[in-house]
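What follows is a set of notes on a single structure, which appears directly below.
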Amino acid sequence: MLKGIRHATAWSSDPKIPVSHSKPAEGLMGEKAFIDGVRYLGNRNLSFDAWMYFDQLHELHNLAKKVPNTPIVINHMGAPLKLGRWQKKQTEMHGIWKSELRKLAEVENVYLKIGGIGMENYFGTNWVSRAFPPSSDEVVTVWNERILWCIETFGTERCMFESNYPVDRQTLPYSVIWNTFQKITQPFTASEKNDLFWVTAQSVYGVGS
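Here the sequence shown is numbered in numbering that gives the first Met the number 0, starting from 0 and rising by one per residue.
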C-alpha cells in the first residue's frame, strides 16, 4: 500500500556534517523537476516526507508554498543539529530552527513528525558511550522543552510522533522512546494525545480508517 514518498535531501557544506545517503545536490528542493515531482504526489493523493537539516527548512518552505495540494511531513522535527560548526553554536542554531519552523507552521499543507531523538550522530546526546541506555525520565529532561515547543507551534492536529526505528536503536530502546512521548504529553487531553499518537498520521497517510 503506497501512501507517500520520503526523500532524504539533507545536505551541508560542513565536512563534519554528513550528506544524506541519497547524495542530494545542494538546493535540490528548489529544482523544477523536484518541485514538479512533489506536486505530482499531491495529484495522486500521496504525501511527501522530507528529511533535511534545520538550515534547509527555508528551502522546504519555498517548496511547500508551490505545492499546496501535497501534504508535506517534516521528519525528525527539522533536525536541530548539535554537530559540526553548530556544536558550539546552539543558541544561534535553535534561533534559526525555531524561526524557520514558525514560518512552515503557517503553511497549511505542512505537518511535523516528532522523533529521531535517539540519533546520537546528529543530536550529540552522548548516550551511545554509556554502559546502559538512559531512562525515559532522562530523555524527557533533554527533549521536553523542544518537543512541547514543536507541538505548541504546529498544534496537535498537525504533529505526529515517530519511533524512527531501527535507527534510534543506536541509543534508545523502543520502549524508552514511547514512554518518553507518553510522559511529555501526560498533561494533554485525550483528544490531543490521540492526535499525536495516531489521528494525525491516519489523516495524513490515509491509513487505518
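In this text, a Cβ means the ideal position worked out from N, Cα and C, and glycines have one as well.
Remember, predicted model here, so these are calculated numbers, not experimental data.
(message) Do F53 and I96 count as a contact pair if the criterion is CB distance below 7 angstroms?
(response) The question names Ile, but residue 96 in the sequence shown is Trp. For W96 and F53, yes; Cβs fall inside 7 angstroms.
(message) I need the DSSP call for H6, collapsed to helix, strand or coil.
(response) H6 falls in the strand class under three-state DSSP.
(request) Please classify Y121: does DSSP put it in a helix, a strand, or coil? (result) DSSP places Y121 in the helix class (H, G or I) of the three-state scheme.
(message) Taking the alpha carbon of C149 as the reference point, which residue from H93, R5 and S46 has its own alpha carbon closest?
(response) Taking the Cα of C149 as reference, the smallest distance to any Cα among H93, R5 and S46 is reached at H93.
(request) My understanding is that G41 touches T69, with C-beta atoms under 8 angstroms, so please give their C-beta distance in whole angstroms. (result) The C-beta distance from G41 to T69 rounds to 3 angstroms, short enough to meet the 8 angstroms contact threshold.
(request) Kindly indicate which three-state DSSP category D13 falls into: helix, strand or coil? (result) coil
(request) For K65, I'd like the list of residues in its chain whose CB is within less than 6 angstroms of its CB, leaving aside the five on either flank, ordered along the chain. (result) I34
(message) As a quick exercise: from H57, F122 and N108, pick the residue whose alpha carbon is nearest that of K87.
(response) F122
(request) May I ask you to list the residues that DSSP assigns as paired with W50? (result) A7
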